[in-house]
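Okay, so here's the structure we're looking at.
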Amino acid sequence: MTDWTETYRPTTLSEVRGNNKARDQLEEWAETWDDHRKSVIVHGSPGVGKTSAAHALAGDMGWPVMELNASDSRGADVIEKIAGEAAKSGTLTGGEAGRRLVVLDEADNFHGNADYGGSREVTRVVKDASQPIVLVANEFYEMSKSLRNACETIEFRDVSKRSIVPVLRDICRREGVEFEEEALEKIAESTSGDLRSAVNDLQAVAEEAERLTVDDVVTSERDTTEGIFDFLDELIKEKDAEGALRAAYDVDETPDDLLNWIEDNVPKDYEGAELADAYEFLSNADRWLGRVRATQDYSYWRYATDNMTAGVAASRRGEKGGWTRYGPPSYWSKLGRTKGTRNTRDSIAERIAEREGASVATARREILPFLSAMTHHCKNRALTVRMAAAYDLDESEVSFVTGSGSDTNKVESVVADAAELKAETAVEHSGTAFFEAERSSDDDGTAAAATDDSGDSDDSSGQQALTAATSDESDTGSVSDDTSSADDPDDDQAGLSDFM
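Each residue of the sequence shown is one higher than the last, beginning at 1 in the UniProt record's numbering.
Rendered as structure tokens:
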């Protein structure tokens, strides 16, 4: 039996269910694209029809589709070759007005160490694109701020039960499946707004039953795992070592998350020696998890689970009764509060690593702290300008490194001066390219004129003007004499040292 989610995928926007407002916004974006020429981010929960809507839009507009999945290819070189070319070329295979639609699916995955500059390259592509681009994302705020600011945004919300049921009913009729209306409603309720999951569940049940009933849906629901709070109660208060280990098998948590849950809640019932013993076992579990991260050998998980469950249960001394208010790990709330700061830090570290040929971890641990100390509150202004120019930092990123307010005149002027410095440095690195072009134009493009004495004189005056400008800049501490040579073959790969 074929996959019903593919068989009944919408082919036009009018068939997209449950997000009429978002659907209309997407259609308006496409129809007015020549006016604004901006890319669009379509974001929302999984299974609500984002990618289907993008393909349906292309069908309505008569545009061929080129799709790139961020989970498959995230390197900047791949994005440049595929998405970049598609975004810039109106080919013979293009649709109306030579247009094609570029779809970057799972665009919130363009981040982290594995991308090798992927996030920055995507931002550059969408800013320079001459073709419409749709970026599809589940987690909008996992995308970089610069990328979000460069695009329009459309949110697809969870599909309501009253929109899911008609879709399921229509599929049943097309497939010749007899059904009870209550069974379809039960499927719609259990999938929590995920239309794709609802269709998958419908197909799974229909394959096993001649007539779809509520009882069929209930008995075929996904296996429910033990709740984390019930598990904590059993681990800390009731089960012996073996029982606690077996109970852990039914908890839908990774060993890392399970360790955080246990670590935060054990002190609510354990004290003294039993608490010390429990933490000893938790410490052992953390060591095993560290070995997993270092070696990627997930067979070590079993040893971590043994320690954090059987070990903690064995540490109990005496009966533990009553009700305890367990809660989620405080570590998680801390991560939530610092998420924006960490994203900014990682974005800067990736840029430093890319320019300096270091790892992201080295840039984050060793280079960033020194930059922060040297540019604290922009007191060393010349160095701060060079740093902002070298790593293409915006106001918020300069603020992060220096500790100054991002909306202060001081930071804004630093970023403005950095932009000027980058432009001047680009001219320096061009060597005599600009003057050769000018001389050739003045002499009607003849080869003889290119070597004529008068041409050399013009070139010399031009070079003198550039040298004077460079010298003035050096007096203010913006450009160093020993790194400004146009003959350096590595100039275009230089990092902060290029501006020192």
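We put the CB at the ideal spot given by N, CA and C, even for glycine.
Closest by C-alpha distance to Ala137, out of Ser45, Ser197, Glu185, is Ser45.
DSSP places Val102 within a strand segment (E or B) once states are collapsed to three. Excluding its 5 nearest sequence neighbours in each direction, Ser330 has C-beta neighbours in its own chain below 7 Å: Asp264, listed in chain order.
Counted as a single uninterrupted DSSP element, the beta strand (DSSP E) harbouring His43 occupies residues 40-44. Within the same chain, and ignoring the five residues on either side of Glu253 in sequence, no residue has its Cβ closer than 6 Å to its Cβ. Taking 9 Å as the cut-off, the beta carbon of Thr51 is found closer than this to the beta carbon of Asp105. Less than 9 Å divides the Cβ of Phe156 from the Cβ of Gly49.
Taking every protein chain shown into account, the CB of Phe179 has 16 or more other CB atoms within 10 angstroms, so this residue is buried. Ser406 is the residue among Arg364, Tyr391, Leu184, Ser406 whose C-alpha sits nearest the C-alpha of His377. Around the Cβ of Thr7, a 10 Å sphere holds fewer than 16 other Cβ atoms; the residue is exposed. Assigned with DSSP and collapsed to three states, Glu412 falls in helix. Listed as beta-bridge partners of Val65 by DSSP are Leu101.
In terms of Cβ geometry, Gly311 and Glu280 form a close pair [threshold 9 Å].
According to DSSP, residue pairing for Ala137 in a beta bridge involves His43. Between Val16 and Ile154 the beta-carbon gap is near 12 Å, outside 8 Å, which marks them as no contact. Nearest C-alpha to Ala389 among Val401, Glu412, Asp417, Ala373: Asp417.
The alpha carbon of Cys151 has as its nearest neighbour, out of Leu135, Trp288, Gln25, Ala361, the alpha carbon of Leu135.
With respect to the 9 Å criterion, Val167 and Val199 are classified as neighbours on the basis of their beta carbons.
Distance between Gly321 and Ala285, taken at the CA atoms: about 26 Å. Membership of Glu152 in the beta strand (DSSP E) is indicated by the continuous run 152-156. Taking every protein chain shown into account, the CB of Tyr391 has 16 or more other CB atoms within 10 angstroms, so this residue is buried.
Around the CB of Thr384, 16 or more other CB atoms lie within 10 Å, so the residue is classed as buried. One thing to note: Asp346 has its Cβ no nearer than 9 Å to the Cβ of Arg365. Put simply, the backbone Cα of Ala54 is about 13 Å away from that of Asn19.
At the C-beta level, Ile236 and Arg316 come within 9 Å of one another.
With respect to Asp256, Leu289 sits close: the two C-beta atoms are nearer than 9 Å. Around the beta carbon of Glu182, a 10 Å sphere encloses fewer than 16 other beta carbons of the protein chains shown; the residue is thus reported as exposed. Here Val251 carries a strand assignment [DSSP, helix/strand/coil]. The three-state secondary structure of Glu424, taken from DSSP, is helix. Counting only runs of 4+ residues, the alpha helix (DSSP H) found wholly inside the region 173-244 occupies 181-190, 195-206, 214-219, 228-233, in chain order. Out of Arg124, Glu274, Pro64, the CA that lies nearest to the CA of Ser144 is found in Arg124. Sorting Ile133, Val205, Glu234, Asp128 by C-alpha distance to the C-alpha of Arg99 places Ile133 at the top.
If only complete runs of 4 or more residues are kept, the region 296-327 shows the alpha helix (DSSP H) at 301-305, in order along the chain. No Cβ-Cβ contact shorter than 9 Å links Thr309 with Ala349. For His36, the enclosing alpha helix (DSSP H) starts and ends at 33-36.
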